[in-house]
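In UniProt numbering, the protein residues as written are 1 to 206.
All C-beta atoms, glycine included, are put in the ideal place defined by N, C-alpha and C.
One structure is given below, encoded as structure tokens.
Here it is as structure tokens:
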């Protein structure tokens with residue numbers, strides 16, 4: 001156990017340009033080994049951190065590991081294809097996207113089956129009185145979600161795309177109800193069956 005602790009301590013003391021996780025370090029083990037430690041337990045990543053799992057993994061373990069032990073300078077990328085019980089833990093993902101902008105500038109989520117998290121974020125953008133801690137850029141990819149254009153969408157643009165696996169590229173703006181100067185840009189690809197294939201939500205620069 002002491003050997004494992006020393007290895008992890010060395011990892012926490014380093015700064016990384018890019019980290020790729022295909023297996024998860026057990027967060028409960030980290031707690032056990034560093035229960036009385038005063039060193040900062042955080043992987044400091046300058047650019048990108050990617051999670052792509054070959055085997056099934058528990059959603060709360062992954063998201064809690066991300067929240068407690070990572071700080072990423074550019075893209076946090078999570079492929080949810082092999083991550084089970086996301087539907088029961090959407091609140092954790094939602095809090096990561098809306099409350100942890102100081103640790104994660106951009107978050108890229110792949111292979112999420114249902115659009116619930118997207119709807120939660122759109123509602124939050126419109127109704128929240130404090131968006132200061134929200135992640136600046138959120139992307140969803142590799143899904144086919146039903147298309148429902150927000151009734152409050154502003155400056156809607158819809159362009160036909162040729163020679164691509166999708167048919168249209170759509171973008172619009174969305175304002176906060178309490179501060180019309182706070183706007184988000186929503187861009188998505190649209191297929192012929194009326195579903196969305198990839199989405200980007202990006203806050204404007206004031």
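Of 115, 138, 201, 159, the smallest CA-CA separation from residue 146 is found for 115.
Residue 95 holds the alpha-carbon nearest to the alpha-carbon of residue 117 among 101, 54, 82, 95.
When DSSP states are grouped into helix, strand and coil, residue 88 belongs to the helix group. For residue 93 and residue 133, the gap between their C-alpha atoms comes out near 14 Å.
Taking 3 residues as the shortest admissible run, the stretch 119–180 contains the following complete beta strand (DSSP E) segments, listed from N- to C-terminal end: 137–146, 154–160, 168–175. Close CB contacts of residue 52 within its chain, under the 7 Å cut and outside five residues either way in sequence, are with 22, 79 (chain order). Non-local C-beta neighbours of residue 39 in its own chain, meaning closer than 8 Å and more than five positions away in sequence, comprise 9, 12, 13, ordered along the chain. Here residue 144 is near residue 191, since their CB atoms are less than 8 Å apart. Annotation: residue 170 to residue 34 spans about 48 Å, alpha carbon to alpha carbon.
Rounded to the nearest angstrom, the gap between the Cα atoms of residue 19 and residue 44 is 10 Å. Inter-residue distance for residue 198 and residue 177 is about 26 Å (C-alpha atoms, whole angstroms). With respect to residue 154, residue 173 sits close: the two C-beta atoms are nearer than 8 Å.
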